[in-house]
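Under mature numbering (1 follows the signal peptide of the UniProt record, and there is no 0), the residues of the sequence shown are numbered -19 to -1, 1 to 107, in order. For glycine and all other residues, C-beta sits at the position ideal for the given N, C-alpha and C. Being a predicted model, the structure only gives us computed values, none of them experimental.
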Amino acid sequence: MWKVAIAISLALTGAATMAAAGNAGDVSRGRELAERRCASCHAIGEAGNSPDPLAPPFRNLYRQYPVDALRPALLKGLEVGHRNMPRFVLSAQEVTDIIAFLHDLDPCGKPSSDDEAMARCFAPAE
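This is how it looks when you write it as structure tokens:
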């Protein structure tokens, strides 16, 4: 039960953060950015391994970090994520779009009455 409470709390925190930003972001633009800028190292879809084994699949990031907490680092420009990660700087809109895409990959962020979907929400990272 406490896991459900934590998931709801994180979902509400994420929704409040996005509302405060004034823009929910565009999932398809976020996916396009990830394909262009990140897919050489990260698996960005709902399945598959990352080309670089040190780069976590995007679908698992929500298990490692509160996704909205990545916003400041993405705005500043990540220098080190994994050893081959290039330094890059994104605009505020690009960050908002990538965050929206990451939220879309999070099964915990999608309403569901499906037991299998909820099990994926709390499953260990691959």
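Query, Result
"Length of the line joining the Cα atoms of serine 31 and isoleucine 79", "17 Å"
"Cutoff 7 Å; reference aspartate 85; Cβ partners in own chain excluding five residues on either side", "Val8"
"Minimum C-alpha distance to alanine 81 - residue among Arg68, Phe69, Ala36 and Arg40", "Arg40"
"Residue from Ala36, Leu35 and Ala73 with nearest C-alpha to proline 53", "Ala73"
"Exposure of valine 70, with buried meaning 16 or more beta-carbon neighbours within 10 Å", "exposed"
"Proximity test, histidine 84 beta-carbon vs the ligand ATP heavy atom, cut-off 7 Å", "With respect to the ligand ATP, the structure shown offers nothing to examine, as it has no ligands at all."
"Beta-carbon proximity list for glycine 11, same chain, < 6 Å, skipping 5 on both sides", "Asp78, Ile79, Ala81 and Phe82"
"Under the three-state DSSP convention, the category cysteine 89 falls into", "helix"
"Nonlocal neighbours in the same chain, by C-beta distance under 8 Å from glycine 58, ignoring five residues either side", "Arg68, Phe69, Val70 and Leu71"
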